[in-house]
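**Student:**
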């Protein structure tokens, strides 16, 4: 419950910060490197239910400043993201050849993020988050982020689609 409250508080703070930002967006590929991005559709067992889409973006943080928060702009809109520091499981690396369980998320708070850390970014749909002002309408499938005292950055993401899961 404490973790959930902390995440909601962080999303609220980032939402307020996003509304007050008027600076231009900059290419952030020098601050993070996308090493894997997966998307998986979970098909419901009942026809009246909606398909759930689960997305995970794995990045290596390259900036000396810690991230202040992440937002996702997909083809279907804008939402806040949860992010976790992760550790690689022994003798594994990203990609389907290593299996889907090649890392473990560290979800204990607080977590200090430093240059060289690997992060999992997951869009959280259904949140009431204000998007930053002046967000370019033509930029989609992109992670937006900022660090303390900087303007907004963005990094494009291309997902690798995993096999669909059909629920009974």
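In our numbering, the protein residues as written are 440 to 607. C-beta: ideal position from N, C-alpha, C; glycine also.
Count Cβ pairs between the segment 563 to 571 and the segment 497 to 508 that sit closer than 8 Å; are there 3 or more?
**Tutor:** Flag = no, the segment 563 to 571 and the segment 497 to 508 do not touch.
**Student:** Specify whether the segment 591 to 605 and the segment 475 to 489 touch according to this definition: at least 3 beta carbon pairs, one from each stretch, less than 8 Å apart.
**Tutor:** Yes, they touch.
**Student:** Count the other CB atoms within 10 Å of the CB of residue 487; is the residue buried (16 or more) or exposed (fewer)?
**Tutor:** Exposed is the call here.
**Student:** Which of helix, strand or coil does DSSP assign to residue 513?
**Tutor:** Strand at residue 513.
**Student:** Smallest Cα separation from residue 519: which of 591, 607, 564 and 593?
**Tutor:** Measuring from the Cα of residue 519, the nearest candidate turns out to be 564.
**Student:** Assign residue 498 to one of two classes, buried (16 or more other C-beta atoms within 10 Å of its C-beta) or exposed (fewer than that).
**Tutor:** With 16 or more other Cβ atoms within 10 Å, it is buried.
**Student:** Restricting to Cα atoms, I'd like to know which of 587, 516 and 511 is closest to residue 594.
**Tutor:** Comparing Cα positions, the closest option is 511.
**Student:** Using only alpha-carbon positions, find the residue among 502, 482, 493 and 607 that is nearest to residue 555.
**Tutor:** Checked all of 502, 482, 493 and 607; the closest Cα to residue 555 is 502.
**Student:** Would you report the Cα separation of residue 574 and residue 580, rounded to the nearest angstrom?
**Tutor:** Looking at the two C-alpha atoms, the distance is approximately 13 Å.
**Student:** With a CB to CB cut of under 8 Å and the five nearest residues on each side skipped, what residues in its chain are close to residue 484?
**Tutor:** Closer than 8 Å at Cβ, skipping near neighbours: 605, 606 and 607.
**Student:** Taking the beta carbon of residue 549 as the centre, do at least 16 other beta carbons fall within 10 Å, making it buried, or is it exposed?
**Tutor:** Exposed is the call here.
**Student:** Excluding the 5 residues flanking residue 470 on each side, which residues of the same chain have their C-beta closer than 7 Å to its C-beta?
**Tutor:** Counting only Cβ-Cβ distances below 7 Å, and skipping sequence neighbours, we find 501, 502 and 592.
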